Amino acid sequence: MPKTITSTGEFKELWTMPPNFYVSHEFYRPDFSFPSALEVLEVVRHDEEARVTLLGSDSPAVQTAKTMSFKRAPVEEVATWSFRLAHFNLSRLYDGVLHGFYEQVMIPWRMFLAAQGFTWQRCAPDLFISGPGGSSTYHADQSHGLVWQVEGAKTFHSYVVPDSAVPADSAISGDFTAEDPPPHADEDRQDARMEPGELLWSHFLTPHWVTGESPLSMSVTLSHGGLCHRGRYAERETALRRHWDHHPEQAWLTDLRNTRY
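Per full-length UniProt numbering, the very first residue in the sequence shown carries number 1; after that it's consecutive.
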């Protein structure tokens, strides 16, 4: 069970290195009323930047048919399919289904971080929706994430000691990314079940995977790159910056986190 932080002091102490931890509403509570996951799915599935993967044990022919009809079938039917959907450019939705999100979530969160002495190079939201049996890949992000479970339930899996599974230097390349995690001992795994409204801090470059625990699940992750507190980066981001010292041509490439989910 991950630790739960309740104060800025705990956050400043624990944000630099794994394992992941829950964030209590005493520390921070986002203030935004989302439309239902079904309403958001109806809008987002038509957006050209939505990334959809059909899952499950259907035959290739059925999977192909579902993929082709994902935008056309009744949304109530689509919600019963096993799928995962990710969207990494929510600014496209600020004038519509997520109207008010920027003003009510992103601005206050950035002001909150700045007041604690943090700076960053990127701070942007990502959206995830999954149907029954929906799960993510096994991957690591080049970002810190404040994971906000909005509707439904899921379990966020990582490791108590991520270096024992994937050292930071190996996580940079992402070569270990797979549909499923490798075999591991239960005691090495950290399982964070998330119900609606709960928040979890996911550390930079930590291998993880997410499993859906409800018929329909929706979450938003506030993703941070270059997060720094008074000149200090997290330990696993420091490894990435050392890598950039030797490969400066890679430092400004498009963030690879979007391709691994």
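Just so you know, even glycine gets a beta-carbon here, dropped at the ideal spot from N, CA and C.
On a predicted model such as this, the values are computed, not experimentally measured, just so you know.
Compare the Cα-Cα distances from PRO183 to each of ALA165, GLU198, GLY197 and report the closest residue. ALA165
For PRO18, does the count of other Cβ atoms within 10 angstroms reach 16, so buried, or fall short, so exposed? buried
So, are the CB atoms of PHE34 and VAL150 less than 7 Å apart? yes
Excluding the 5 residues preceding and the 5 following ARG122 in the sequence, name in chain order all residues of the same chain whose CB lies nearer than 8 Å to its CB. SER143, SER223, HIS224, GLY225, GLY226, ASP255
For GLY131, which beta-bridge partners are listed by DSSP? Its beta-bridge partners do not exist; DSSP assigns none.
Distance check for GLY174 and SER217, CA to CA, integer angstroms please. 26 Å
Which runs of the alpha helix (DSSP H) spanning at least 4 residues fall entirely within the region 52 to 80, listed in chain order? 60 to 69, 75 to 78
Pull up the distance between the alpha-carbon of ARG241 and that of LEU113, whole angstroms please. 22 Å
What residue from MET68, TRP109, SER136 has the CA that sits closest to GLY212's CA? SER136
Tell me the residue span of the alpha helix (DSSP H) that contains LEU41. 37 to 44
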